[in-house]
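Chains A and B, in that order, are what the protein sequence lines are. Here the first sequence is numbered in full-length UniProt numbering, starting from 1 and rising by one per residue. Here the second sequence is numbered in full-length UniProt numbering, starting from 1 and rising by one per residue. Presented below is the structure to which this report refers.
Protein chains: 2
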Amino acid sequence: MRRSVFFISDGTGITAETLGHSLLAQFGNVSFEQHTLPYVGSPEKAREAVVRINEVAAQDGIQPIIIDTIVDKEIRSIIASANACMFDVFETFVGKLETLLGEKPMNAVGKSHSVNTQTYKTRIDAVHFALDNDDGARTRHYDMADIILIGVSRSGKTPTCIYLALQFGIRAANYPLTEDDLDSESLPKALKEHRSKLFGLMIDADRLTMIRNERKANSRYASPQQVMRELRAIESIYIREGIPFLDVSEMSVEEIATRIIDQKHLKRRISSN
Amino acid sequence: MRRSVFFISDGTGITAETLGHSLLAQFGNVSFEQHTLPYVGSPEKAREAVVRINEVAAQDGIQPIIIDTIVDKEIRSIIASANACMFDVFETFVGKLETLLGEKPMNAVGKSHSVNTQTYKTRIDAVHFALDNDDGARTRHYDMADIILIGVSRSGKTPTCIYLALQFGIRAANYPLTEDDLDSESLPKALKEHRSKLFGLMIDADRLTMIRNERKANSRYASPQQVMRELRAIESIYIREGIPFLDVSEMSVEEIATRIIDQKHLKRRISSN
Chain A
1 MRRSVFFISD GTGITAETLG HSLLAQFGNV SFEQHTLPYV GSPEKAREAV VRINEVAAQD
61 GIQPIIIDTI VDKEIRSIIA SANACMFDVF ETFVGKLETL LGEKPMNAVG KSHSVNTQTY
121 KTRIDAVHFA LDNDDGARTR HYDMADIILI GVSRSGKTPT CIYLALQFGI RAANYPLTED
181 DLDSESLPKA LKEHRSKLFG LMIDADRLTM IRNERKANSR YASPQQVMRE LRAIESIYIR
241 EGIPFLDVSE MSVEEIATRI IDQKHLKRRI SSN
Chain B
1 MRRSVFFISD GTGITAETLG HSLLAQFGNV SFEQHTLPYV GSPEKAREAV VRINEVAAQD
61 GIQPIIIDTI VDKEIRSIIA SANACMFDVF ETFVGKLETL LGEKPMNAVG KSHSVNTQTY
121 KTRIDAVHFA LDNDDGARTR HYDMADIILI GVSRSGKTPT CIYLALQFGI RAANYPLTED
181 DLDSESLPKA LKEHRSKLFG LMIDADRLTM IRNERKANSR YASPQQVMRE LRAIESIYIR
241 EGIPFLDVSE MSVEEIATRI IDQKHLKRRI SSN
């Protein structure tokens, strides 16, 4: 079973996409053909969108689904004229919020992804912090870190740090435990001094072998023996040193990041997005 | 006016937060005290959440708002017993989708942020591509790039590239045009060869002066004269070379990224969020 879906917004389209993906994921037997139409901010653009939706409806022989977060009423009513089934997110919720709060909505487009100087700075600083403190490159700024991820090579540290920075403004460093570190069976000095900020990533041996083989096929680095040896050594360090850790084998970057925030009670530094 | 809001999920909480921020941004006169409760995945955790919500309700003297994306019906009904006004996203939309599609929802938690091996790889590869090709560090992989951002120092290239990678799996490189490049009034050879992939960032002089001053206060680099000179030179290169560009002074990273996708007709390589 196949169905076309349009995520439509007069802003970035990110809210419509995020909500839409969550809803559609509940229907795993349906194959959704997804289109995102952002910045539909004028009646003219809305009419172009309607033409496109109607073409897809004619091709499919069945009404597409629209999930929209359009703020402007006129634009919304043009979209509503398409040959489609419309899930109108703002109309559904904003009216109810208006009644509850006793306040008029601003009906301003793109408010949640507009730029706020302080938020922007916090976020960009966090991204640069993650890049500058990636992969153990430097350890002298660890006093400014909110969290320091440790783990073996390719266990997911870098994308998690970057996601924590972009999404939440959290300053995340990461340090890969090398073979020397693992052999010495103790934490490097730079890490010992910041023990309360450490969080370990753990990963399934088969999955790590696969990931490393994609990077350096048939190398010692990617061999099952080497992977197994490193994972055993690092797990015993986590346990002996009392470092909290998480098996991330089945997790997306979003899940790793939000589980770490939850477990370490990290404070979000930005609340936008 | 102040109001407490709880974003609650049995998964990461990202969908509830993203939608919640978009909705609340429409009520700019209200100060929202935001709490996110992710991984509320058991009746016990749900009851703990209810206790916390009721405490906040008692302190505030007014019902908090709940925006939830809880999949499990039992957990949802426990949360619904709190002294709060609940905006139940899945209940609102999933039933309607079920009727429309003639399919039962899977009622499985965290589906949209669960890991899919191909998506994971595409995404992580894109993140490593962005890091390896950041700041003009290398130019020899530009044939593999989907887009190459150019601009003066601190105009927002790096965060935008990383966001394109994490959110959409797009391979984005960036190259800062240096003073030498600007003085020579022509594009470096590495860029000329990939002209169709180039996209320029432009930024307001006052804003760039402020950003650079936060980095290196009172330097020549951050002086209004230098900033103005660089911006004039780069704008004339964009125009002369026919490179599309965007004034990002008032834009969030999300907006810069999605506007570039829209203008350059870039294809999303992943559709999960």
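Using N, Cα and C, we set each Cβ at its ideal position, and we do this for glycine too.
- Burial state of Pro224(B) is exposed, judged by a 10 Å Cβ sphere holding fewer than 16 other Cβ atoms.
- The straight-line gap separating the alpha-carbon atoms of Val152(A) and Glu230(A) is approximately 7 Å.
- Against chain A, a Cβ distance below 7 Å from Asp262(B) picks out Pro38, Tyr39.
- The C-alpha of Ala172(B) lies about 24 Å from the C-alpha of Arg207(B).
- Rounded to whole angstroms, Phe87(A) and Ser155(A) show a C-alpha spacing of 39 Å.
- For Phe129(A), the uninterrupted alpha helix (DSSP H) run begins and ends at 117 to 132, by DSSP.
- For Cys85(A), the residues of chain B that pass the 7 Å Cβ criterion are Leu100, in the order they occur in the chain.
- Taking Pro43(A) as the centre and dropping the five residues before and after it, the same chain places the C-beta of Glu74, Ile75, Ile78 closer than 8 Å to its C-beta, in chain order.
- Contact of Leu208(B) with chain A is not assigned, every C-beta pair being separated by 8 Å or more.
- The contact set of Ser4(A) on chain B, defined by CB atoms closer than 7 Å, is empty, because the minimum CB distance reaches about 12 Å.
- By the 16-neighbour rule on beta-carbons within 10 angstroms, Gly61(B) is exposed.
- Contact annotation for Tyr221(B) against chain A: no contact, minimum CB-CB distance about 16 Å [criterion: below 9 Å].
- By the criterion of a C-beta distance shorter than 7 Å, Pro105(A) is surrounded in its chain by Val94, Glu98, once the five residues flanking it on both sides are discounted.
- With its beta carbon less than 8 Å from one in chain B, Thr258(A) belongs to the interface.
- Non-local C-beta neighbours of Glu214(A) in its own chain, meaning closer than 7 Å and more than five positions away in sequence, are absent.
- Put simply, the backbone Cα of Leu19(B) is about 37 Å away from that of Lys216(B).
- Excluding residues up to 5 positions away in sequence, Glu33, Val56, Asp60, Pro64 lie with their Cβ nearer than 6 Å to the Cβ of Ser4(B) in the same chain.
- Sequence-distant partners of Gly136(B) (beyond 5 residues in either direction) whose C-beta falls short of 6 Å from its own C-beta, in its chain, are Tyr175, Pro176.
- Residue pairing of Pro176(B) in beta bridges, as defined by DSSP: Gly151(B).
- Considered as a whole, the stretch 16 to 48 of chain B harbours 31 to 37 as its complete beta strand (DSSP E) runs of no fewer than 3 residues, in chain order.
- Listed along the chain, the chain B residues whose CB falls inside 8 Å of the CB of Glu33(A) amount to none; the nearest CB is some 10 Å away.
- Rounded to whole angstroms, Thr119(A) and Phe199(B) show a C-alpha spacing of 25 Å.
- Neighbourhood of Met106(B) in chain A, by CB distance below 9 Å: Ala25, Gln26, Phe27, Gly28, Asn29, in chain order.
- Scanning His128(A), Ala233(A), Thr122(A) for the CA closest to the CA of Gly169(A) turns up Thr122(A).
- Here Arg212(B) is buried: its Cβ has 16 or more other Cβ atoms, across all protein chains shown, within 10 Å.
- Under the three-state reduction of DSSP output, Val5(A) falls in the strand class.
- Between Ala58(A) and Asp134(B), the alpha-carbon positions lie close to 44 Å from each other.
- Here Asp60(B) carries a helix assignment [DSSP, helix/strand/coil].
- The beta carbons of Ser9(B) and Val40(B) sit closer together than 8 Å.
- For Leu198(A), the enclosing beta strand (DSSP E) has its first and last residue at 198 to 202.
- For Ile203(B), no Cβ of chain A is located within less than 8 Å of the residue's own Cβ.
- In the three-state reduction of the DSSP assignment, Leu246(A) falls in the strand class.
- With a 10 Å radius around the Cβ and a threshold of 16 neighbouring Cβ atoms, Gln26(A) comes out buried.
- Exposure of Thr117(A) is indicated by the presence of fewer than 16 other C-beta atoms within 10 angstroms of its C-beta.
- Here Met202(B) is near Val248(B), since their CB atoms are less than 8 Å apart.
- Ser42(B) does not reach chain A, its nearest Cβ partner there being about 14 Å away, counting only Cβ pairs nearer than 8 Å.
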